[in-house]
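So for the sequence shown, the numbering used here puts the first residue at 964; every next one is plus one.
Even for Gly, the Cβ is constructed at its ideal location relative to N, Cα and C.
Here's the structure, in structure tokens; my notes come after.
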Amino acid sequence: MATSRSFATDFLSSAIGRVLTAVLIVAAMVVAAFGAGAFGGTPVDEAAGGWLGADSTWIAPATSAFRIWSVIYLGLIGYAAWQFFRAAQTPRHQRVRLWVLAGVILNSVWLFTVQAGWLAVSVLVILALTACLARCLVLLDEEPIGSWLERILLDGVQGLSLGWVSIATIANVAGWLGSLGWQGSPLTEESWAITMAVLATALGLALAWRFGRLTPGLAIAWGLAWVAVGRTDGSGPQSVPVAVATAVAAAIILAGSLAGVLRRRRARSS
């Protein structure tokens, strides 16, 4: 296994591997456009019976939340270009090349499973994607950050991706369970949504404590804030208690993420 991983890393670091990485990232952009409704695709919020739409469950974020993908994909395009330069040929980057590419591929696979209406499979894929992104950050944490471009295009993009995919996983699971006819029983739908907000808060704080980074918590807070908007703007189930709970959760995660960053800086300076 170690040999195969070494071979994959060496290959992706080669000129051919870097071209392949760039091609796959561009292909992922095309798949994302397909998932947004271009090229004959079905928009994600309409695919799979509409169970991933803004009005599908009590924990689904409003449609505008998905604009974060524009930032993530812009970062990936920047990464695809940056990896060709000598400054990117560091041991730290080489260790995560495979995980970055795996994340790009898994995200495309997730979009295809949703297009096919395979909600149960999409849950498995998004869980694998979350684990992949978490592994990437773990490896990045083991060595010091290089240039500011590396900080933005590698650490920043992967951190945002992990945070957003984490909150998307909760919405994905809720949509899948809803498609099976389960809406949180014996809890009320509102109580179930608030419970999910508490879970998201715990997850955001855990990521802040483990990584001491701002971007994962920022993305989770972004998603929760748009859940709050969705519960009050008429686009889905309306609930002031859920809106308040998710807004408070977003604020707690932001505060916890800032505390995590400060804690990490103090630890490094001591």
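In the DSSP assignment, aspartate 1104 falls within the unbroken alpha helix (DSSP H) covering 1082-1104.
Residue range 1152-1174 is occupied by the alpha helix (DSSP H) that includes glutamate 1153. Annotation: alanine 1182 to leucine 1225 spans about 18 Å, alpha carbon to alpha carbon. Look at aspartate 973 here: in three-state DSSP terms it is helix. Annotation: the continuous alpha helix (DSSP H) that includes glycine 980 extends over 978-998. Annotated as proximal: leucine 1177 and serine 1220, with beta-carbon spacing under 8 Å.
Taking a C-beta distance under 8 Å as the contact criterion, alanine 1091 and tryptophan 1139 do not qualify as a contact pair. If you ignore the 5 residues before and after serine 1110, its C-beta comes within less than 7 Å of the C-beta of Ala1050, all in its own chain and listed in chain order. Counting every other CB atom within 10 Å of its CB across the protein chains shown gives alanine 995 a total of 16 or more, marking it as buried.
For arginine 1226, the uninterrupted alpha helix (DSSP H) run begins and ends at 1203-1232, by DSSP.
By the criterion of a C-beta distance shorter than 7 Å, valine 1086 is surrounded in its chain by Asn1135, Val1136, Trp1139, once the five residues flanking it on both sides are discounted.
One thing to note: isoleucine 1130 has its Cβ within 8 Å of the Cβ of alanine 1163. The residue among Gly1000, Cys1099, Ser1142, Ser1154 with its C-alpha nearest the C-alpha of threonine 1209 is Ser1154. Secondary structure note for tryptophan 1014: it is in no alpha helix (DSSP H), with a DSSP letter that is neither H nor E. Contact annotation: the stretch 1046-1066 touches the stretch 1094-1111, with at least three C-beta pairs closer than 8 Å.
In the structure shown, the three-state DSSP call for serine 1129 is helix. Cα atoms of alanine 1065 and serine 1071: separation of roughly 10 Å, rounded to the nearest angstrom.
Looking at the backbone, the Cα of leucine 1117 and that of tyrosine 1042 are separated by about 7 Å. For the 8 Å CB-CB criterion, valine 1128 and leucine 1096 form a contact. Annotation: the continuous alpha helix (DSSP H) that includes proline 1179 extends over 1178-1193.
Closest in alpha carbon position to isoleucine 1133, among Gln1121, Leu1150, Thr1158, is Thr1158.
When the beta-carbon positions are compared, arginine 981 and glutamine 1046 come within less than 8 Å of each other.
Exclusion of the five residues before and after alanine 1160 leaves Ala1208, Thr1209, Ala1212 as the residues of its chain whose Cβ lies within less than 6 Å of its Cβ. Rounded to the nearest angstrom, the gap between the Cα atoms of leucine 975 and phenylalanine 1174 is 26 Å. Cβ neighbours of alanine 1023 within its own chain (closer than 8 Å, five residues either side excluded): Leu1015, Gly1016, Ala1017, Ala1134, Ala1137, Gly1138, Val1190, Gly1193, Gly1199.
For alanine 1010, the closest C-alpha among the options Trp1073, Leu1039, Gly1186 is that of Trp1073. With fewer than 16 other Cβ atoms from the protein chains shown falling within 10 Å of its own Cβ, valine 986 counts as exposed. Our two residues, alanine 978 and isoleucine 1115, have alpha carbons roughly 23 Å apart in a direct line.
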